[in-house]
Amino acid sequence: PRAQGSRAARSSSGSRRGPGAPCPQPAATMLSRLLKEHQAKQNERKELQEKRRREAITAATCLTEALVDHLNVGVAQAYMNQRKLDHEVKTLQVQAAQFAKQTGQWIGMVENFNQALKEIGDVENWARSIELDMRTIATALEYVYKGQLQSAPS
């Protein structure tokens, strides 16, 4: 009975052909099946690798866009600040030019006023001089008149 059991075990394992047992697969068919399985696994690995590559590219793109957006916020703020500064500089230049013009007008007015004061001073000196001359003449006339009154017989 043992020999039959071992023969049955061998026939069920397919290592030995018994009556009614299927023909063992030829080596070429077996290699072909192994090759197909290997190629299928390789294709699965390639698809997985391609999927991971696409995910990595997507993640890198998202990161790059986030970094660029972050930098653009700072650049945009700097640009706006620069535009405000440029506007303020132009306004300041206009105001400085107006102030310079007004200051020039004030200086002209002060110079004219000083000239008028000088002229008034000159007129005042002239008036004093005339007044002094008139007093001298008046005193001389008075002296002459008194002298004539004293020399005239009364």
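Sequential numbering from 1 applies to the sequence shown in UniProt numbering. Note that the Cβ used here is the ideal one computed from N, Cα and C, for glycine as well.
What's the C-alpha gap between residue i and residue j?
i	j	result
glutamate 50	valine 73	34 Å
arginine 128	lysine 118	15 Å
glutamine 4	glutamine 42	Here glutamine 4 scores only 48 on pLDDT, less than 50, and its place in the model should not be relied on; the value that follows carries that caveat. The straight-line gap from Cα to Cα measures roughly 44 Å.
asparagine 114	lysine 101	20 Å
alanine 76	alanine 97	32 Å
isoleucine 91	leucine 85	According to the sequence provided, residue 91 is threonine. The question's isoleucine does not apply to it. Going by the C-alpha atoms only, they are around 10 Å apart.
glycine 121	glutamate 88	48 Å
alanine 60	lysine 36	35 Å
tyrosine 143	alanine 116	39 Å
Short of 7 Å in beta carbon distance, which residues of its chain neighbour residue i, apart from the five on each side in sequence? Order them along the chain.
i	result
alanine 8	Low confidence applies here, because alanine 8 scores a pLDDT of 44, under 50, leaving its location unreliable and the question unanswered by this model.
For residue i, count neighbouring Cβ atoms within 10 angstroms of its own Cβ and tell me buried if that reaches 16, exposed if not.
i	result
serine 32	exposed
Using C-beta distances below 6 Å, list every residue in its chain close to residue i, excluding the 5 sequence neighbours before and after it, in chain order.
i	result
alanine 28	none
lysine 146	none
Using a C-beta cutoff of 8 Å, does residue i count as contacting chain C?
i	result
threonine 64	The displayed structure is made up of one protein chain only, and chain C is not part of it.
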